[in-house]
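Following: one structure in structure tokens, then a few remarks.
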Amino acid sequence: MKSKKFFLLNAIFAILVASAIFFVSQKGFFNRLELASLDLFFNLKKTSHANQKIIIVEITDADVASIGNWPWQRSWHGAMARALTSFGAKFIYFDFILAEPASEEADALFERELEANKNIYLPFAFTTIPYDYQKAILPYKKFLDNAGGIGVINIMPDADGAIRRIPLIFNANGKTYPHIALKLAADYLGMQIKTVKPDCLVLSNGIQNLSIPLLPKETMLLNWLGKWGTTFKHYSFLDVLAAYKDVQDKITPKININDFKNSLCIVAVGAVGLVDIKAMPLEPVYPGVGVLATAISNIIDKNFFYYPPLWVNIFILYILSLTPLFIVRGERPLRETIQLFSIMGIYFAINFILFQNRIVINFSYPLVGLITNYLFFGTYNFLRVAMEKQTFFKMSVTDGLTGLYNISYFKILVETEIILSKSNPDTTFCILMADVDHFKNFNDTYGHQTGDMVLKETANVIKNSVRSTDVVARYGGEEMIVLLRGASLRFGLSIAEKIRRAVENNPVRSRENIHHVEMSLGVAMFKPSDDIDSIIKRADEGLYMAKKTGRNRVCTLEDAS
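Here the sequence shown is numbered in my numbering, starting from 830 and rising by one per residue.
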């Protein structure tokens, strides 16, 4: 019954721990822990291939050095749009906001390209929360009116400053605005937003649907494809323009312009000091355009992470939190620790395999529940077992009635004292043998309960009369024995007399009577020739002498002068 009660209490504690973890899982330390576990899996997993139709046209340091300081005249952007269109690019996106008019002539050149080709996309940015389109940073109106499409460029990092997800939908002024990554990917696939649900966003072309899994706040967890330099196809701005000129001049271009056919080209600034830097799980320094390109690639290739229903994560959290209840007993800590790490290893392997297959379940929260409860149950059971062992040890070395040491354990202590005294001649000790006078009368006259009371009270008097370093034991019946460490015979006799007087002056009180108790004692001091039997025998003979000469006195066979 007691073990069932403890099991139930421990189970309740484990459930409370799991519940607490669940309710704070999206806050502070726990949220950062889960983000760190995501980063670990991203770094361990095999990277996927980026969509080869996504091309980054990068404005490099060399381009800025050749053309001049940024920002450039819009005629350069017009030339790039014309070149990419001639190469067969399906969509062109300029990853910077052209918010103000510049040179009228240069702006007109870019505007003509926008009018002629409805495949050029531009971004805009919200500047306030809640989002307000009226306060957003928009492209210059002539560019905005002629762009093939626009989308929001905002990206919000997680609590630790790293980018792991991207918002796909923004609600402002009663309207829904797509992120530019979603807009480009949907248009590339020939699809439109059909519905937005709490757990998914559905794109459709009227025949087929594409469901994109969503996290809270309409965000999509990015499936990172690798490091910036090796993931996407990169071409420098001037290399593309040079290839266009070569084609016009009937010269074989230095770059493979076939890469651009049906491509989605992203024109972005990559020069030092101009590039928009983000942190992501695989690299601490990663261009913002890479986040955009990764999101587009994920959507086009349907390379999403999927999430099980909430109840699955809750179920796993509670199961792992309750696991220590069944493996921790406190009796074999090493084996239990090995079992714990085995469970953690298996859980890690299952998580990683699922992650590799684009299924994300909570990793850190169940582990926190497992480890917390393991430490609690381990500590609790360790202390419980230690206390039980201490109790059993105490039971094995003490007398149940008086609480004194039993004679077996007493003899072990005396044997140790003999060894110490023989190794050091200056060390000695005394043995006192004590016996309650006329004890049989207590049992015969007042009953055995009174006799037991006399023994217990007498034992307490003796313990209180000696030093904390001395040892008091029950020899048997009404006889008790004392080890006085480091005591001379004279000191032993004085302590024996102190005990005798204390017993005499402390009557035992029962409900009906006051019982006066007297005690006889014999004293013996250790001699180099002694063994345990001989010194106890001399003390017993001293006790016999005290009994024989009138009781209630202290005697010794040795010379105390």
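Positions of the beta carbon are idealized from the N, C-alpha and C atoms, including for glycine.
query, result
"Spatial neighbours of Gly1119 within its chain, please: C-beta separation below 6 Å, excluding the five flanking residues on both sides.", "Trp1057"
"Would Val1337 and Val1346 qualify as a contact pair, given that the criterion is a beta-carbon distance under 9 Å?", "yes"
"In angstroms with no decimal places, state the Cα-to-Cα distance between Leu1397 and Leu1212.", "The chain is shown only over 830 to 1390; residue 1397 falls outside these bounds and no answer can be derived."
"Name the one or two DSSP bridge partners that Leu1313 has.", "Cys1259"
"Mapping the DSSP letters down to three states, classify Asp989 as helix, strand or coil.", "coil"
"Whose C-beta lies closer than 6 Å to the C-beta of Val1189 among residues of the same chain, with five residues either side of it excluded?", "Phe1134, Tyr1136"
"Can you grab the Cα-Cα spacing for the pair Glu1112 / Ile841, in whole Å?", "43 Å"
"Does the distance between the C-beta of Phe1320 and the nearest non-hydrogen atom of the ligand FMN fall short of 8 Å?", "Only the bare structure without any ligand can be found here, which leaves the ligand FMN out of the picture."
"Does the distance from the C-beta atom of Arg993 to that of Asp1130 stay below 9 Å?", "no"
"Going by the CB atoms, is the gap between Val1290 and Phe1239 shorter than 9 Å?", "no"
"Would Ile1236 and Ala1325 qualify as a contact pair, given that the criterion is a beta-carbon distance under 9 Å?", "no"
"Which residues mark the beginning and the end of the alpha helix (DSSP H) in which His1063 is found?", "Segment 1062 to 1065 is the beta strand (DSSP E) holding His1063; no alpha helix (DSSP H) there."
"Leaving aside the five residues before and after Pro1162 along the sequence, list all residues of the same chain whose C-beta is less than 8 Å from its C-beta, in chain order.", "Gly1207, Phe1211"
"Taking the straight line between their C-alpha atoms, what separation do you get for Ala1124 and Leu1011?", "8 Å"
"From Leu938 to Arg903, what distance separates their C-alpha atoms?", "7 Å"
"Within the same chain, show all residues whose beta-carbon is closer than 6 Å to that of Glu863, passing over the 5 residues directly before and after it, in chain order.", "Ser1193"
"Is Trp1140 buried or exposed, if buried means 16 or more other CB atoms sit within 10 Å of its CB?", "exposed"
"With a cut-off of 8 Å on the beta carbons, I'd call Ala954 and Ile982 a contact; round off their distance for me.", "5 Å"
"Let's see if you can read the secondary structure: which residues bound the alpha helix (DSSP H) around Glu940?", "933 to 945"
"Between Val1226 and the rest of its own chain, which residues show a CB-CB distance below 8 Å, the 5 nearest in sequence each way excluded?", "Tyr1234, Asn1235, Ser1237, Tyr1238"
"Taking one C-beta from the stretch 995 to 1012 and one from the stretch 899 to 914 each time, how about it: are there three or more such pairs within less than 8 Å?", "no"
"State the beta-bridge partners of Gly978 as determined by DSSP.", "Tyr950"
"Kindly list the residues whose CB is nearer than 6 Å to the CB of Ala847, restricted to its own chain and excluding five residues on each side of it in sequence; keep chain order.", "Leu1146, Tyr1147, Ser1150, Gly1198"
"Between the C-alpha atoms of Thr1059 and Pro1153, what's the straight-line distance to the nearest angstrom?", "45 Å"
"Thinking C-alpha only, which one of Thr957, Lys964, Gly1229 is nearest Ala928?", "Lys964"
"Please classify Met1216: is it buried, with 16 or more other beta-carbons within 10 angstroms of its beta-carbon, or exposed?", "exposed"
"With Arg994 as the anchor, note down where its beta strand (DSSP E) starts and where it stops.", "994 to 996"
"In three-state terms, what does DSSP make of Ile1188?", "strand"
"Short of 6 Å in beta carbon distance, which residues of its chain neighbour Met830, apart from the five on each side in sequence? Order them along the chain.", "In this prediction, Met830 has a pLDDT of 49, which is less than 50 and means its spatial position is unreliable; what the coordinates show is noted afterwards. Within the same chain, Met830 has no close Cβ partners at all."
"At which residues does the beta strand (DSSP E) containing Thr889 begin and terminate?", "From DSSP, Thr889 is part of no beta strand (DSSP E); its letter is neither H nor E."
"What do you get for Ser1294, buried or exposed, if any count of 16 or more other CB atoms within 10 angstroms of its CB means buried?", "buried"
"Across which residues does DSSP place Pro1007 in a beta bridge pair?", "Ile998"
"With distances taken Cα to Cα, identify the nearest neighbour of Ile1172 among Asn1186, Gln1185, Phe1184, Ile1200.", "Ile1200"
"Jot down the residue ranges of each uninterrupted alpha helix (DSSP H) in the stretch 1045 to 1101, minimum 4 residues, whole runs only, in chain order.", "1057 to 1060, 1066 to 1077"
"Counting only the same chain and skipping the five closest in sequence on each side, list residues whose C-beta sits under 7 Å from that of Val1101.", "Asp890"
"Would you kindly work out how many angstroms separate the C-alpha atoms of Tyr1275 and Asp1228, rounded to a whole number?", "23 Å"
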